[in-house]
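First up is the structure itself, then whatever we jot down about it.
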Amino acid sequence: MTGVVGPAGAEGESTSTSANSAATGAASEAATGAVSGAVAGAAPEAVAGAAPEVVDGPGTAPPRDETRLARVRLTRIVEPGWEVAGQWLREFGAVETVRRIEAGGAEPQLPGVRSDRWAGLVARAADAPPAERDIDRAATAGARFVCPGDAEWPGQLDDLGDGRPIGLWVRGGPNLRMWALRSVAVVGARACTDYGVRMGASLGAGLAERGWVVVSGGAYGVDAAAHRGALGATGATVAVLACGIDRIYPRGHTQLIDRVAEQGLVIGELPPGDHPTPSRFILRNRVIAALTRGTVVVEAAYRSGALVTARWAQRLGRHAMGVPGPVTSSVSAGVHELLRKEAVLVTDAAEVVELVGEMGELAPERRGPVLPRDLLPPAAARVLAALPARGTCGVAQVGRGAGTGEDETIARLYELRSLGFVERHGEGWQLTRQARESVFPGRELP
Numbered sequence: 029m030t031g032v033v034g035p036a037g038a039e040g041e042s043t044s045t046s047a048n049s050a051a052t053g054a055a056s057e058a059a060t061g062a063v064s065g066a067v068a069g070a071a072p073e074a075v076a077g078a079a080p081e082v083v084d085g086p087g088t089a090p091p092r093d094e095t096r097l098a099r100v101r102l103t104r105i106v107e108p109g110w111e112v113a114g115q116w117l118r119e120f121g122a123v124e125t126v127r128r129i130e131a132g133g134a135e136p137q138l139p140g141v142r143s144d145r146w147a148g149l150v151a152r153a154a155d156a157p158p159a160e161r162d163i164d165r166a167a168t169a170g171a172r173f174v175c176p177g178d179a180e181w182p183g184q185l186d187d188l189g190d191g192r193p194i195g196l197w198v199r200g201g202p203n204l205r206m207w208a209l210r211s212v213a214v215v216g217a218r219a220c221t222d223y224g225v226r227m228g229a230s231l232g233a234g235l236a237e238r239g240w241v242v243v244s245g246g247a248y249g250v251d252a253a254a255h256r257g258a259l260g261a262t263g264a265t266v267a268v269l270a271c272g273i274d275r276i277y278p279r280g281h282t283q284l285i286d287r288v289a290e291q292g293l294v295i296g297e298l299p300p301g302d303h304p305t306p307s308r309f310i311l312r313n314r315v316i317a318a319l320t321r322g323t324v325v326v327e328a329a330y331r332s333g334a335l336v337t338a339r340w341a342q343r344l345g346r347h348a349m350g351v352p353g354p355v356t357s358s359v360s361a362g363v364h365e366l367l368r369k370e371a372v373l374v375t376d377a378a379e380v381v382e383l384v385g386e387m388g389e390l391a392p393e394r395r396g397p398v399l400p401r402d403l404l405p406p407a408a409a410r411v412l413a414a415l416p417a418r419g420t421c422g423v424a425q426v427g428r429g430a431g432t433g434e435d436e437t438i439a440r441l442y443e444l445r446s447l448g449f450v451e452r453h454g455e456g457w458q459l460t461r462q463a464r465e466s467v468f469p470g471r472e473l474p
């Protein structure tokens with residue numbers, strides 16, 4: 029049963045932010061290779077740990093099977109992100125927390141919760157199926173349970189403090205921890221425009237081509253576009269669900285989620301069979317923000333859940349980015365408000381990588397096209413600018429306009445003639461048609 033339950037590591041990970049940052053830097057190159065290997069189908073081996081459990085805080089030891097089963101059971105009893113439960117895990121450990129809840133009135137209730145809430149937890153524990161049944165059900169769907177202390181546990185999630193997940197149900201072969209080290213979230217509106225679909229797919233494909241893992245929520249709209257973009261580039265992508273790992277939501281994305289599981293990872297906090305609720309979608313967003321180095325928002329109205337992900341990213345010290353849209357578009361209004369504050373404007377994958385990547389991963393410098401007149405020496409450029417758009421002009425008039433003497437003007441005019449900018453007609457000079465299009469772009473010329 030241990031191999032099905034999930035991998036356990038030889039060392040625990042520190043929950044401190046500094047330790048997570050150090051781990052991210054040290055393992056960045058290894059993560060890039062792990063992404064490529066995992067996409068090709070290489071799955072990490074599960075290692076069974078037998079070290080005794082300490083409290084679920086800094087320096088968490090590899091969990092025993094007893095602890096893992098207790099955490100599986102807790103995913104049925106408490107809602108994701110409840111910090112009181114996280115405090116219990118830190119102070120009492122998973123096994124003792126479950127024992128006290130299951131004991132009901134026979135034991136003093138745990139601190140920090142009202143009696144009516146405690147009664148609700150006791151009732152949920154009584155109705156919950158055995159943890160072994162959830163593990164078997166997840167295994168049938170090809171999923172495993174990963175919890176703090178496992179080698180596969182992403183240390184970034186510890187930045188959530190007491191609100192970190194009790195554990196994650198993971199479907200797919202790649203190593204979640206290695207993938208999370210080099211990942212970016214791309215989120216946005218469900219009811220997005222064609223522009224949002226194009227930008228989501230473009231960012232997903234561009235990030236995947238650069239060796240980054242694209243993380244999103246598997247929803248309609250921008251989320252789906254980002255997943256499809258990464259899949260189309262034969263890249264890595266992770267879908268974070270707000271429901272049980274064996275339950276596809278939305279149902280219209282059954283094929284998409286299955287393909288993500290084949291080529292990447294599908295993860296979630298809720299036990300098998302659990303259904304999504306509005307609050308669970310919101311809480312799911314904190315996992316997306318914590319897993320990744322930064323969050324990109326593509327189209328979001330003022331009340332969009334995608335903005336919650338970006339705010340979580342800012343709160344956790346991650347990068348928050350936004351793709352601008354038309355100022356008249358209501359589905360971009362939330363993004364523009366985000367950009368007015370602390371978010372960074374980005375327009376493509378290269379700019380995202382410049383922000384979240386390693387030193388030296390710079391986006392190409394962007395500028396307008398170089399026109400032939402831009403390459404002229406200053407004196408010749410002044411003479412060229414003194415010529416009218418239409419008709420001829422004498423040497424004296426050109427000299428006055430350019431501020432040059434007669435000899436200098438004549439020398440520059442013949443230089444411009446040799447370069448194809450001007451032509452002589454009798455005693456006058458005029459621009460060639462090609463030069464008029466270069467000097468006066470956008471004008472209708474005869």
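Residues in the sequence shown are numbered from 29 upward in steps of one, following our numbering.
Every residue, glycine too, gets a C-beta built ideally from N, C-alpha and C.
Check	Outcome
With burial defined as no fewer than 16 other Cβ atoms inside 10 Å of the residue's Cβ, what is the status of Ser230: buried or exposed?	buried
So that I know if they touch, is there some Cβ in chain C lying closer than 8 Å to that of Gly431?	In the structure shown, chain C does not exist; there is a single protein chain.
Distance, Cα to Cα, Leu459 vs Val355?	41 Å
Scan the segment 165–217 and note each continuous alpha helix (DSSP H) run of 4 residues or more that stays entirely inside, going in chain order.	204–208
Where do the N-terminal and C-terminal ends of the alpha helix (DSSP H) with Val381 fall, by residue?	377–384
Should the segment 280–293 be called in touch with the segment 140–155, which here means at least 3 C-beta pairs below 8 Å?	no
Of the choices Arg192, Pro176, Arg99, Leu204, whose alpha-carbon is the least far from that of Ala153?	Arg99
Taking the alpha carbon of Val268 as the reference point, which residue from Ala253, Val363, Gly396, Arg314 has its own alpha carbon closest?	Arg314
Just how far apart, CA to CA, sit Val324 and Gly296?	20 Å
Indicate whether the contact test is met: 3 or more Cβ pairs, each with one atom in the segment 180–187 and one in the segment 104–112, closer than 8 Å.	no
With the cut-off set at 8 Å, would you say Ala348 and Gln342 are in Cβ contact?	yes
In three-state terms, what does DSSP make of Arg438?	According to the sequence provided, residue 438 is Ile. The question's Arg does not apply to it. Helix.
One question on the structure: do Val359 and Gly201 come within less than 8 Å of each other, judged by their Cβ atoms?	no
With distance defined between alpha-carbon atoms, name the residue in Arg172, Leu412, Ala219 nearest to Pro293.	Per the sequence shown, the amino acid found at residue 293 is Leu instead of Pro. When only C-alpha atoms are compared, the closest one is Arg172.
Counting Cβ pairs closer than 8 Å, one from the segment 246–255 and one from the segment 209–222, do we hit at least three?	yes
Considering only residues of the segment 224–311, which uninterrupted beta strand (DSSP E) runs meet the minimum length of 3 residues and lie entirely inside it, listed in chain order?	241–244, 265–269, 293–296
Whose C-alpha, out of Ala166, Asp164, Leu204, Gly170, is nearest the C-alpha of Arg183?	Reading off the sequence shown, one finds Gly at residue 183, where the question assumed Arg. Checking every option, the nearest Cα to that of Gly183 belongs to Leu204.
Taking buried to mean at least 16 other C-beta atoms within 10 Å of its own C-beta, is Asp155 buried or exposed?	exposed
May I have the straight-line CA-CA distance separating Arg401 from Arg394, to the nearest angstrom?	19 Å
Could you name each continuous alpha helix (DSSP H) segment of 4 residues or more that falls completely within the segment 399–438, going from the start of the chain to the end?	406–414, 423–430
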